[in-house]
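>
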Amino acid sequence: MGNKVKQSTKKTPKGALEKTSGKADYIDVGERHWWYWWKENWRWMKFGVMGLVIIWLLGVNLGWWREDAGVNPRKISAVAIDPRVEVPNLPQRFLDGSKKLVSLTFDDGPNEGTTLRLLDILKEKNVYATFFVLGIQAEKYPDIVKREVREGHEVGSHTMRHKVLTTLSAEAIKSDTNDANRTIKSILGYNAKIIRPPYGIINDTVRGALGVPLITWTVDTEDWKSKNADAVKAEVEKAVFDGSIVLMHDIYPSTVDAIGGIIDNLKKQDYEFVTVSEMAKARKVKLKSGEVYGGFAR
6 MGNKVKQSTK KTPKGALEKT SGKADYIDVG ERHWWYWWKE NWRWMKFGVM
56 GLVIIWLLGV NLGWWREDAG VNPRKISAVA IDPRVEVPNL PQRFLDGSKK
106 LVSLTFDDGP NEGTTLRLLD ILKEKNVYAT FFVLGIQAEK YPDIVKREVR
156 EGHEVGSHTM RHKVLTTLSA EAIKSDTNDA NRTIKSILGY NAKIIRPPYG
206 IINDTVRGAL GVPLITWTVD TEDWKSKNAD AVKAEVEKAV FDGSIVLMHD
256 IYPSTVDAIG GIIDNLKKQD YEFVTVSEMA KARKVKLKSG EVYGGFAR
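Residue numbers (this note's numbering): 6 to 303.
1) From residue 296 to residue 162, what distance separates their C-alpha atoms?
2) Rounded to whole angstroms, what's the CA-CA distance from residue 303 to residue 242? Just pull it up for me.
3) Taking contact to mean 3 or more Cβ pairs, one atom from each stretch, closer than 8 Å, check whether the region 261-268 and the region 141-151 are in contact.
4) Quick check on the DSSP output: the alpha helix (DSSP H) that includes residue 110 runs from which residue to which?
5) Measure the alpha-carbon distance for residue 90 versus residue 205 and round it to whole angstroms.
6) Measuring only from the beta carbon, is residue 127 closer than 6 Å to any heavy atom that is part of the ligand COA?
7) Could you pull the DSSP bridge partners for residue 277 from this structure?
8) With DSSP as the reference, identify every bridge partner of residue 159, one or two as the case may be.
9) If I follow the unbroken alpha helix (DSSP H) through residue 191, where does it start and stop?
10) Kindly indicate which three-state DSSP category residue 125 falls into: helix, strand or coil?
11) Identify whether residue 255 lies in helix, strand or coil by the three-state DSSP scheme.
12) Taking only the alpha-carbon atoms, compute the straight-line gap between residue 85 and residue 192 and give it to the nearest angstrom.
13) Which residue's Cα is closest to the Cα of residue 231: 105, 213, 257?
14) Does the region 136-143 come close enough to the region 176-193 that 3 or more CB-CB pairs lie under 8 Å?
15) Quick one: Cα of residue 195 to Cα of residue 237, how far?
16) My output table needs one value for residue 247: the three-state DSSP class, helix, strand or coil.
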């Protein structure tokens, strides 16, 4: 009779048993399962990962991952002010253009937890500022926007959703800023007369599409970076000059903590606090649509 091949079994790492015929035919079932699955599916996994990366990049650009991403920017909040309510005229202040002037500006608000406290400090110290509001935040807190104007401050637009405008077409820029204007007008009864493009990033398309004066800054406190009151005060003291526009954000508690000291220090240097539009008027500068203004030095 011919030679018989001994039948044997081998225990795999997963505990499975498979009969094999001879040493040359031993197969690790667990290893085979993993390798075959990877070989058959790696192409589809690659496409899946690529798809997730594309979705993430789109979300970053379109603002899907922001806290307010679920809000419809075209829908005015039900708690918005009745548009028939009259907004008091801004107080007419006598401005001496020969004095040292500075404009404190605040972006990204309003925010209930910080903007209200900031307004209290500004009122206490009899200081006027300019707020560049996000439309989507103004929808949430229309009463704060009303208070800003009622207490003599200027309200400008910071667009609807804080997109990088240079990445958008002219039509998309107009759509976003029109949404912001509709929101502001529903609260105050008029469109914002000035705008600050997010991040201060501007090109010819942005300038042509916005249709109002563009306001940047001359003193960047980098309060978003340090989130430290002493650091914010130090940046202002180091860089301020007559005609400065100071960039801050009213969404950071540390910035609000710093503002009292900033005001006191500048008052000691005989600075007068004005809104952006007031400073332009005092320096006899006519703000023009599409033009960029970072300050009004003499």
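Beta carbons: idealized from backbone N, C-alpha and C, even for Gly.
According to the data block:
1) Looking up residue 296 in the sequence shown gives position 291. Looking up residue 162 in the sequence shown gives position 157. So the two alpha carbons sit approximately 15 Å from each other.
2) If you number the sequence shown from 1, residue 303 lands on position 298. If you number the sequence shown from 1, residue 242 lands on position 237. When rounded, the distance between both Cα atoms is 19 Å.
3) Too few Cβ pairs lie closer than 8 Å, so no.
4) Taking the sequence shown and counting its residues from 1, the one referred to as residue 110 is at position 105. That residue, residue 110, is in no alpha helix (DSSP H); its beta strand (DSSP E) goes 105-112.
5) As a first step, residue 90 must be located in the sequence shown, where it is residue number 85. As a first step, residue 205 must be located in the sequence shown, where it is residue number 200. Only weak support is given to the placement of residue 90: the predicted model assigns it a pLDDT of 32, under 50, and the value that follows is read from those uncertain coordinates. Whole-angstrom Cα-Cα distance: 33 Å.
6) With respect to the ligand COA, the structure offers nothing, as it holds no ligand at all.
7) If you number the sequence shown from 1, residue 277 lands on position 272. DSSP lists 106 as partners of residue 277.
8) Numbered from 1 along the sequence shown, position 154 holds the residue referred to as residue 159. Per DSSP, 135.
9) In the sequence shown, the residue the question calls residue 191 occupies position 186. Bounds of the alpha helix (DSSP H) holding residue 191 are 175-193.
10) In the sequence shown, residue 125 corresponds to position 120, counting from 1. It is helical.
11) By one-based count along the sequence shown, residue 255 stands at place 250. Residue 255: coil per DSSP, three-state reduction.
12) In the sequence shown, counting from the first residue as 1, residue 85 sits at position 80. In the sequence shown, counting from the first residue as 1, residue 192 sits at position 187. Low local confidence applies: a pLDDT of 29 at residue 85 is under 50, so the model's placement there is unreliable, and no value is given.
13) As a first step, residue 231 must be located in the sequence shown, where it is residue number 226. With distances taken between Cα atoms, residue 231 lies closest to 257.
14) Taking 8 Å as the limit for Cβ pairs, the verdict is that the region 136-143 does touch the region 176-193.
15) Position 190 of the sequence shown, counted from the first residue, corresponds to residue 195. Position 232 of the sequence shown, counted from the first residue, corresponds to residue 237. Answer to the nearest angstrom: the Cα atoms are 33 Å apart.
16) In the sequence shown, the residue the question calls residue 247 occupies position 242. Here residue 247 sits in coil by DSSP.
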